[in-house]
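A short worksheet on the structure shown next.
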Amino acid sequence: MPGGAVVSPAGTGQPSSGSQGRGSIPKGKMKKHIAAPMTLIFPAVVLYLIFFIWPAAIGLYYSFTNYKGMPKYKTVGLKNYTTLLADHDFWAALLRTFEFIICSVPLNVCISLLAAILVTSRKAIGHTLARTLFFIPWLVSPIITGLIWRWMFGEGFGIVNQVIQSFGGHGLRWATDANLSFAVLVLAGVWAGMAFNMLLFITALKNVPESLYEAASLDGANAWQRFVNVTLPGIAPTMFMVVLLGTIGGIKEFAMVQALNGGGPGTSNRLVVQYIYETGFSNSRIGYASAASMILLVILVIVSLIQMWFNKRNGGK
């Protein structure tokens, strides 16, 4: 009937089944659509709760106690935090950690980007071999990385000093001079992290449209101008991610430093995670080390938020 409802063939006045829920999903199928992904996600959620959330909760609880690994301990409130704020060793380790980040992250970004540009260049020869060679450091564990660089820069047995002496020079005090030891630490960190960042940059470079380079060439832009005005804006989100991951990784660096120089000479190159490890396990001050871990967690969150804000402010997504 014109302007009226569609009547069922039985004449009951009920809307026909063809007009009901057109495009909607039946409840049975909806439950299946929800159950399938939840079944896949559930094991990951359980593992995350067991290995991340639960240890973090225990660490937070211990940070308010004088726990030393023994059954008997007591709550001390904020004493660990107030003591930590006046702990010169903690702030020295934290300062050295940020110095390590400031030196290693920009250098890592530049070398990784240069390597990515070289292996993606049409004029370069041996792309596959170059990628394999550049990727080898990523296959090496941090402990082995530390041992390799320790062997290379050993004062009495290192290959670097042997090369210097073969040219008539004097071997340098790579292990006993704090600044030289720190320089070796930075170089080792850059070498170890270059491969993964290079892969990220290779993907980003391939996603920059060729039409932009062609338009820039038609406008008379040289290679440097194309890099600054086309390449860098095109890979900006990836560069932000590389800087963020490098910063977080630098703050958490431990195994490579422990194998390379143990934070030495003395404690001059001890990073903050080493300080937490030595305080908690070597000195059996687990509650105090837990408080340091909580402060480090807050610093990580703040650094991440600042970098995300800076990226968004500059047009990142």
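Positions 1 to 317 (UniProt numbering) are the ones given, in order, by the sequence shown. Beta carbons: idealized from backbone N, C-alpha and C, even for Gly.
Give the single residue among the options whose Cα lies nearest to the Cα of residue i.
| i | options | result |
| --- | --- | --- |
| Thr247 | Phe64, Leu60, Phe100 | Phe100 |
| Glu278 | Asn311, Ile102, Lys68, Leu244 | Lys68 |
| residue 331 | Ala35, Ile286, Thr231, Gln274 | With the chain covering only 1 through 317, there is no way to say anything about residue 331. |
| Lys79 | Ala289, Ile306, Ser304 | Ala289 |
| Lys252 | Ala130, Gly77, Pro233, Arg96 | Arg96 |
| Val208 | Leu218, Leu260, Ala221, Pro237 | Pro237 |
| Ala195 | Met241, Ile306, Ala115, Ala175 | Ala115 |
| Pro137 | Ala259, Ala188, Val273 | Ala188 |
| Phe98 | Ser304, Pro142, Ser141, Val272 | Val272 |
| Thr203 | Tyr48, Gln274, Arg270, Ile117 | Ile117 |
| Val242 | Gly234, Glu210, Gly193, Arg270 | Gly193 |
| His88 | Ile159, Arg270, Asn222 | Arg270 |
| Met239 | Ser141, Ala57, Gln307, Asp219 | Gln307 |
| Ile102 | Ile58, Val186, Pro43 | Val186 |
| Ala93 | Ser282, Phe310, Gln274 | Gln274 |
| Ile235 | Tyr61, Leu113, Ala223 | Leu113 |
| Val184 | Ser211, Trp151, Lys206, Phe157 | Trp151 |
| Leu232 | Leu218, Tyr213, Phe51 | Tyr213 |
| Ile144 | Leu245, Ala56, Phe254, Ser284 | Phe254 |
| Phe135 | Gly126, Pro55, Asn197 | Asn197 |
Given a threshold of 16 other Cβ atoms within 10 Å of its Cβ, counted over all protein chains shown, does residue i qualify as buried or as exposed?
| i | result |
| --- | --- |
| Ser166 | exposed |
| Phe201 | buried |
| Pro2 | Low confidence applies to Pro2: its pLDDT is 46, below 50, so where it sits in the model is not reliable enough to give any reading. |
| Gly280 | buried |
| Lys312 | exposed |
| Arg122 | exposed |
| Met38 | exposed |
| Gly250 | buried |
| Val298 | exposed |
| Thr132 | exposed |
| Gly168 | exposed |
| Phe90 | buried |
| Ile276 | buried |
| Met294 | buried |
| Val163 | exposed |
| Ser16 | Model confidence at Ser16 stands at a pLDDT of 49, short of 50, so the residue's coordinates are unreliable and nothing is read from them. |
| Leu296 | buried |
| Thr65 | buried |
| Phe42 | exposed |
| Gly158 | buried |
| Gly77 | exposed |
| Trp54 | exposed |
Let me know the secondary structure DSSP gives residue i once reduced to three states.
| i | result |
| --- | --- |
| Thr267 | coil |
| Ser17 | Caution applies to Ser17, whose pLDDT of 48 falls short of 50 and renders its modelled position unreliable; the value that the coordinates give is listed next. Three-state DSSP puts Ser17 in a helix. |
| Thr65 | strand |
| Thr176 | coil |
| Lys123 | coil |
| Glu278 | helix |
| Phe167 | coil |
| Phe310 | helix |
| residue 380 | This structure leaves residue 380 out entirely; the chain is present only between 1 and 317. |
| Phe157 | coil |
Report all residues from its chain with a CB closer than 7 Å to the CB of residue i; omit the five preceding and five following residues, and keep chain order.
| i | result |
| --- | --- |
| Val190 | Ser104, Leu107, Asn108, Ile111 |
| Leu199 | none |
| Ala291 | Ser63, Asn80, Tyr81, Leu84 |
| Leu300 | Ile248, Ile251 |
| Ala44 | none |
In terms of residue numbering, what span does the alpha helix (DSSP H) encompassing residue i cover?
| i | result |
| --- | --- |
| Ala130 | 127 to 139 |
| Arg226 | 223 to 226 |
| Pro106 | 88 to 120 |
| Thr82 | 79 to 85 |
| Gly249 | 236 to 251 |
| Arg150 | 142 to 152 |
| Val230 | First-last for Val230: undefined, no H or E at that position. |
| Val208 | Unbroken run through Val208: none, as it is neither H nor E. |
| Tyr73 | Segment: none, Tyr73 is in no alpha helix (DSSP H) and carries neither H nor E. |
| Arg285 | That residue, Arg285, is in no alpha helix (DSSP H); it is neither H nor E in DSSP. |
| Leu260 | 255 to 260 |
Shorter than 8 Å from the beta carbon of residue i to some beta carbon of chain B?
| i | result |
| --- | --- |
| Asp219 | No chain B is present in this structure, which holds just one protein chain. |
Only counting the same chain, and skipping five residues up and downstream in sequence, which positions put a Cβ closer than 8 Å to that of residue i?
| i | result |
| --- | --- |
| Ala216 | Gln225, Arg226, Asn229, Val230 |
| residue 318 | There is simply no residue 318 to check, as the chain begins at 1 and stops at 317 in what is shown. |
| Ile302 | none |
| Glu155 | Asn161, Gly171, Leu172, Arg173, Trp174, Ala175, Thr176 |
Take residue i and list the residues in its own chain whose beta-carbon comes closer than 6 Å to its own, dropping the five residues that flank it on each side.
| i | result |
| --- | --- |
| Ala130 | Val119 |
| Gly146 | Met256, Ala259, Leu260 |
| Asn161 | Gly171 |
| Phe51 | none |
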